[in-house]
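If you read the protein sequences in the order shown, they are chains A and B.
For the first sequence, the working numbering assigns the number 31 to the initial residue and increments by one for each residue that follows.
For the second sequence, the working numbering assigns the number 31 to the initial residue and increments by one for each residue that follows.
In this text, a Cβ means the ideal position worked out from N, Cα and C, and glycines have one as well.
Following: one structure in structure tokens, then a few remarks.
Number of protein chains: 2
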Amino acid sequence: MSTVKYVLSEDRIPKVWYNIQADLPEPAPPVLHPGTGPPIGPDDLAPLFPMQLIVQEVSTEKFIEIPDPVRDIYRQWRPTPLFRARRLEKALDTPARIYYKFEGISPVGSHKPNTAVAQAFYNKEEGVKRLATETGAGQWGSSLAMACAFFGLDCDVFMVRVSYEQKPYRRGLIEAFGASVTPSPSNKTNAGRAILAQDPDSRGSLGIAISEAVEVAASDPNTKYSLGSVLNHVLLHQTVIGQEALEQFEMADDYPDVVIACAGGGSNFAGLAFPFVGKNLRGEAGSRIVAVEPAACPTLTKGTYAYDFGDTAHLTPMVKMHTLGSSFMPPAIHAGGLRYHGMAPLVSHLFELGAIEATTVHQTDAFAAGIQFARAEGIIPAPESNHAVAQAITEALKCKEEGVSRSIVFNLSGHGHFDMQAYMDYAQNKLKDYDYPVEAVEAALAGLPNVDA
Amino acid sequence: MSTVKYVLSEDRIPKVWYNIQADLPEPAPPVLHPGTGPPIGPDDLAPLFPMQLIVQEVSTEKFIEIPDPVRDIYRQWRPTPLFRARRLEKALDTPARIYYKFEGISPVGSHKPNTAVAQAFYNKEEGVKRLATETGAGQWGSSLAMACAFFGLDCDVFMVRVSYEQKPYRRGLIEAFGASVTPSPSNKTNAGRAILAQDPDSRGSLGIAISEAVEVAASDPNTKYSLGSVLNHVLLHQTVIGQEALEQFEMADDYPDVVIACAGGGSNFAGLAFPFVGKNLRGEAGSRIVAVEPAACPTLTKGTYAYDFGDTAHLTPMVKMHTLGSSFMPPAIHAGGLRYHGMAPLVSHLFELGAIEATTVHQTDAFAAGIQFARAEGIIPAPESNHAVAQAITEALKCKEEGVSRSIVFNLSGHGHFDMQAYMDYAQNKLKDYDYPVEAVEAALAGLPNVDA
Numbered sequence: 031m032s033t034v035k036y037v038l039s040e041d042r043i044p045k046v047w048y049n050i051q052a053d054l055p056e057p058a059p060p061v062l063h064p065g066t067g068p069p070i071g072p073d074d075l076a077p078l079f080p081m082q083l084i085v086q087e088v089s090t091e092k093f094i095e096i097p098d099p100v101r102d103i104y105r106q107w108r109p110t111p112l113f114r115a116r117r118l119e120k121a122l123d124t125p126a127r128i129y130y131k132f133e134g135i136s137p138v139g140s141h142k143p144n145t146a147v148a149q150a151f152y153n154k155e156e157g158v159k160r161l162a163t164e165t166g167a168g169q170w171g172s173s174l175a176m177a178c179a180f181f182g183l184d185c186d187v188f189m190v191r192v193s194y195e196q197k198p199y200r201r202g203l204i205e206a207f208g209a210s211v212t213p214s215p216s217n218k219t220n221a222g223r224a225i226l227a228q229d230p231d232s233r234g235s236l237g238i239a240i241s242e243a244v245e246v247a248a249s250d251p252n253t254k255y256s257l258g259s260v261l262n263h264v265l266l267h268q269t270v271i272g273q274e275a276l277e278q279f280e281m282a283d284d285y286p287d288v289v290i291a292c293a294g295g296g297s298n299f300a301g302l303a304f305p306f307v308g309k310n311l312r313g314e315a316g317s318r319i320v321a322v323e324p325a326a327c328p329t330l331t332k333g334t335y336a337y338d339f340g341d342t343a344h345l346t347p348m349v350k351m352h353t354l355g356s357s358f359m360p361p362a363i364h365a366g367g368l369r370y371h372g373m374a375p376l377v378s379h380l381f382e383l384g385a386i387e388a389t390t391v392h393q394t395d396a397f398a399a400g401i402q403f404a405r406a407e408g409i410i411p412a413p414e415s416n417h418a419v420a421q422a423i424t425e426a427l428k429c430k431e432e433g434v435s436r437s438i439v440f441n442l443s444g445h446g447h448f449d450m451q452a453y454m455d456y457a458q459n460k461l462k463d464y465d466y467p468v469e470a471v472e473a474a475l476a477g478l479p480n481v482d483a
Numbered sequence: 031m032s033t034v035k036y037v038l039s040e041d042r043i044p045k046v047w048y049n050i051q052a053d054l055p056e057p058a059p060p061v062l063h064p065g066t067g068p069p070i071g072p073d074d075l076a077p078l079f080p081m082q083l084i085v086q087e088v089s090t091e092k093f094i095e096i097p098d099p100v101r102d103i104y105r106q107w108r109p110t111p112l113f114r115a116r117r118l119e120k121a122l123d124t125p126a127r128i129y130y131k132f133e134g135i136s137p138v139g140s141h142k143p144n145t146a147v148a149q150a151f152y153n154k155e156e157g158v159k160r161l162a163t164e165t166g167a168g169q170w171g172s173s174l175a176m177a178c179a180f181f182g183l184d185c186d187v188f189m190v191r192v193s194y195e196q197k198p199y200r201r202g203l204i205e206a207f208g209a210s211v212t213p214s215p216s217n218k219t220n221a222g223r224a225i226l227a228q229d230p231d232s233r234g235s236l237g238i239a240i241s242e243a244v245e246v247a248a249s250d251p252n253t254k255y256s257l258g259s260v261l262n263h264v265l266l267h268q269t270v271i272g273q274e275a276l277e278q279f280e281m282a283d284d285y286p287d288v289v290i291a292c293a294g295g296g297s298n299f300a301g302l303a304f305p306f307v308g309k310n311l312r313g314e315a316g317s318r319i320v321a322v323e324p325a326a327c328p329t330l331t332k333g334t335y336a337y338d339f340g341d342t343a344h345l346t347p348m349v350k351m352h353t354l355g356s357s358f359m360p361p362a363i364h365a366g367g368l369r370y371h372g373m374a375p376l377v378s379h380l381f382e383l384g385a386i387e388a389t390t391v392h393q394t395d396a397f398a399a400g401i402q403f404a405r406a407e408g409i410i411p412a413p414e415s416n417h418a419v420a421q422a423i424t425e426a427l428k429c430k431e432e433g434v435s436r437s438i439v440f441n442l443s444g445h446g447h448f449d450m451q452a453y454m455d456y457a458q459n460k461l462k463d464y465d466y467p468v469e470a471v472e473a474a475l476a477g478l479p480n481v482d483a
């Protein structure tokens, strides 16, 4: 009894992205202008994004065609395999059927290229010369750097300083692709200088790095901004994951009772989950859909649903989302990709609608699950993905307790080959578990903009 | 025009390993007993290896069946893709058709699990409880650790001290799979203690680490030894690579004029090349077959073809191979997997027969090629694989010069996600090029055992 792999042929790479906005029972609240308050239009976003992405951001078309050059590049690693984790099932002695979709097979080892390639393509089409972006642990930065290398675009990456210093190897990968990397906060932008004036030793946050990248893009007509999560068009591009998984479940003659993914900004979660959520919303299925957050940064589970800024310096538009406050600095957990004060507006909206659940996992429990998974399945997961692994194991053990066989699928959004220091720290009992700092969150939430649509 | 992927369905994972010994025009010279000199028999190897592997070591059957449990595990990442590197071809502006077989898609990121899984299986079948092995940069150690986790075997890895200290992250991976890692030379063995007595600061070598692992296995009836390259059965297991490539070239309606792989101990080279060499030997094809060595450790190109020991302490049998002398300590290049004093006897024999060519590449040229490849194809190669990439680019540029289109295939034996320090050192001009130290090699060769079969 070994791990089973469900492989789709290349012609089954989705030809369209699935837009969940078409299936929402009520539309998500509008995006508001950062300075003036009223809902923004496409022109307000034009300094930051190419028009095709702005159109996707607000589209309610159910399917949006994937351009051939993007699909051609997807072809290098897509369709990604769906595995049935038979060896893990056996190790857990569970009647559950555990599946995982493995996005770590992409050249940079995560799901992020699904949108990076699309974003680089549309920017290139519209004559953009350079993209500016932020990155935490570097999964996103390395993906966009790769995509920019493919399309001949320059790429400037603002990397959260704590990761820049502690995780130099993803920085090395970003630079190998020819992109430039700046530790954030930096002296290159007003936003960065303002933070450094307050705190010269600031270790940075995704919110600050976003401010810096947005400022760079807004101040240069040849440069646009690129974001690796949160926005509707980013989540849209990731839906190739879930669409493939739907086909692979047909091959397996099964359907998931529970769909699980970790959630930081929301992109890998949306990528796997939205096509399944869509089936639920259309009354075609009834899976439980579970977003897993770190206990240290529990945006959906403990945040407020309100209008907030995407960044620290309040340069971005305001979006209605679950937030811990844009000035909140999450504790230094190793899952850098989950250290964000907000949650994608579409994910937040679905949570408010009761269409999805959310739960939290502490980081030592996440790493324990990752080790157990690696010994059974051979793949060492990224620290972010470990949160999904932990929840899948919890659900599988519940099946064992109850004596029922349920079908569980989770998104193994990336491999952990760049994250071995975290595993070594875990093995030496050096990892701390953090609960979210209640007072700091309360202070950050007190600063929320007092607006509603 | 983008990268093209040739994917075989899972039922096309080879059902057999290809044994080139069946097609040799003359057999390879016999293995000699380390103490007594005459050719060894199966019983002499029994303390180190399970009988099934000993049988494979000397077999002249053309095909050896792959056991189902091994094939079941292969299924997780095999068949690996064969890519046509269209974007690299375009970047080089070459009429050459460049293909690469990508083994970095395995859970640990290299070709090594192809034999690790087989070796763990046969040992488990014969009741062995523990495997002892050596590792350089850690590709092999992590692969065997994974395979041992799958089969419930203990695993002791002696890791060359310089890598243990400079490359902690593959050590972390080995430990994550539950194996124990000891820096070599160590105080755990007579072989290690003897080296440390001579040089307390010894940074180790593969030859020393092999001595330690062999000693541990020989002194415990429940422990056997496992080697990641050099031996006939190890090369045999890797032939799944080339067999798949042959089928994939049929899909591509092409056939390689040039087959390229890097060569340290010889296993990834043999894996891709032997099925093509077999076609040549049987008069069915006429590809050039090129082994690429580091200029710092040019075993085939500068070594002597003679009987030598596989290890430093002379505990292993003597094999006839191209060697730089078993006491030779190769310069500290980053391609740890190519830092071995000898070359697989079968590869050496084929070189003597004129069936294969060999060439060398300096490490900065190898890294330059790796960067060029990464920017075109998205995958950052392992430092070892960069030697093959460099040679493929050289061949492709020769095509351009000559205005001819040839088909070139190389083995991309692993990804470089664990090797970013080397890339960062390269980017900062910190990497040195080494030629092989002529005097040190002459001294080591002077110590060769004075025997012949």
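Using alpha carbons as the reference points, say which of the options lies closest to residue i.
{"i": "Tyr-464 (chain A)", "options": "A:Val-322, A:Gln-451, A:Gly-408 and A:Ala-362", "result": "A:Ala-362"}
{"i": "Lys-350 (chain A)", "options": "A:Leu-311, A:Pro-60 and A:Pro-44", "result": "A:Pro-60"}
{"i": "Phe-151 (chain A)", "options": "A:Leu-38, A:Ser-241 and A:Asp-184", "result": "A:Asp-184"}
{"i": "Pro-64 (chain B)", "options": "B:Ser-317, B:Leu-368 and B:Gly-340", "result": "B:Gly-340"}
{"i": "Val-37 (chain B)", "options": "B:Met-373, B:Gly-222 and B:Phe-113", "result": "B:Phe-113"}
{"i": "Trp-107 (chain B)", "options": "B:Asp-123, B:Leu-376, B:Ser-140 and B:Thr-212", "result": "B:Ser-140"}
{"i": "Ala-343 (chain B)", "options": "B:Phe-181, B:Thr-331, B:Ala-221 and B:Leu-118", "result": "B:Ala-221"}
{"i": "Met-189 (chain A)", "options": "A:Asp-53, A:Ser-210 and A:Gly-67", "result": "A:Ser-210"}
{"i": "Tyr-130 (chain B)", "options": "B:Gly-446, B:Met-454, B:Ile-409 and B:Lys-197", "result": "B:Ile-409"}
{"i": "Gln-393 (chain A)", "options": "A:Pro-413, A:Arg-160 and A:Ser-378", "result": "A:Pro-413"}
{"i": "Gly-171 (chain A)", "options": "A:Ala-52, A:Gln-451, A:Asn-153 and A:Val-147", "result": "A:Val-147"}
{"i": "Pro-97 (chain B)", "options": "B:Val-88, B:Leu-83, B:Asp-186 and B:Thr-90", "result": "B:Leu-83"}
Along the beta strand (DSSP E) that carries residue i, what are the first and last residues, could you check?
{"i": "Ala-162 (chain A)", "result": "160-165"}
{"i": "Trp-107 (chain A)", "result": "Unbroken run through Trp-107 (chain A): none, as it is neither H nor E."}
{"i": "Thr-219 (chain A)", "result": "Run containing Thr-219 (chain A): none; DSSP gives neither H nor E here."}
{"i": "Ser-437 (chain B)", "result": "437-442"}
{"i": "Pro-64 (chain A)", "result": "Neither: Pro-64 (chain A) is in no beta strand (DSSP E) and is coded neither H nor E."}
{"i": "Thr-269 (chain A)", "result": "That residue, Thr-269 (chain A), is in no beta strand (DSSP E); it is neither H nor E in DSSP."}
{"i": "Thr-212 (chain B)", "result": "210-214"}
Whose C-beta lies closer than 6 Å to the C-beta of residue i among residues of the same chain, with five residues either side of it excluded?
{"i": "Gly-366 (chain B)", "result": "Gly-166, Ala-167 and Ser-193"}
{"i": "Ile-225 (chain B)", "result": "Pro-215, Ser-232 and Ile-238"}
{"i": "Phe-448 (chain A)", "result": "Tyr-199 and Arg-200"}
{"i": "Tyr-370 (chain B)", "result": "Leu-236, Gly-294 and Gly-295"}
{"i": "Ala-177 (chain A)", "result": "Ala-146, Val-147 and Ala-150"}
In terms of residues, what are the limits of the alpha helix (DSSP H) holding residue i?
{"i": "Lys-332 (chain B)", "result": "329-332"}
{"i": "Met-81 (chain A)", "result": "81-88"}
{"i": "Met-348 (chain A)", "result": "First-last for Met-348 (chain A): 348-353, but that is the beta strand (DSSP E), not the alpha helix (DSSP H)."}
{"i": "Pro-360 (chain B)", "result": "Note, Pro-360 (chain B): premise wrong, no alpha helix (DSSP H); not H, not E."}
{"i": "Lys-154 (chain A)", "result": "143-155"}
Would residue i and residue j be called neighbours here (beta carbons separated by less than 9 Å)?
{"i": "Tyr-456 (chain B)", "j": "Phe-397 (chain B)", "result": "yes"}
{"i": "Leu-376 (chain B)", "j": "Glu-133 (chain B)", "result": "no"}
{"i": "Cys-429 (chain B)", "j": "Thr-145 (chain B)", "result": "no"}
{"i": "Val-205 (chain B)", "j": "Ala-175 (chain B)", "result": "For the record, residue 205 (chain B) in the displayed sequence is Glu; it is not Val. In this structure, Ala-175 (chain B) lies closer than 9 Å to Glu-205 (chain B) by Cβ."}
{"i": "Leu-383 (chain A)", "j": "Leu-54 (chain A)", "result": "yes"}
{"i": "Asp-250 (chain A)", "j": "Leu-478 (chain A)", "result": "no"}
Would you call residue i buried or exposed, if buried means 16 or more other Cβ atoms sit within 10 Å of its Cβ?
{"i": "Gln-149 (chain B)", "result": "buried"}
{"i": "Val-244 (chain A)", "result": "buried"}
{"i": "Glu-519 (chain B)", "result": "Past the edges of chain B, shown from 31 to 483, lies residue 519 (chain B), and the structure says nothing about it."}
{"i": "Lys-254 (chain A)", "result": "buried"}
Enumerate in chain order the residues of its own chain whose CB-to-CB distance from residue i is below 7 Å, with the five nearest sequence positions on each side excluded.
{"i": "Gln-273 (chain B)", "result": "Pro-44, Tyr-48 and Pro-305"}
{"i": "Val-288 (chain A)", "result": "Ser-317, Arg-318, Val-320, Glu-425, Arg-436 and Ile-438"}
ask   = What residues in the segment 90-121 of chain A have a beta carbon less than 8 Å from any beta carbon of chain E?
value = The structure shown has no chain E; the protein chains it does contain are A and B.
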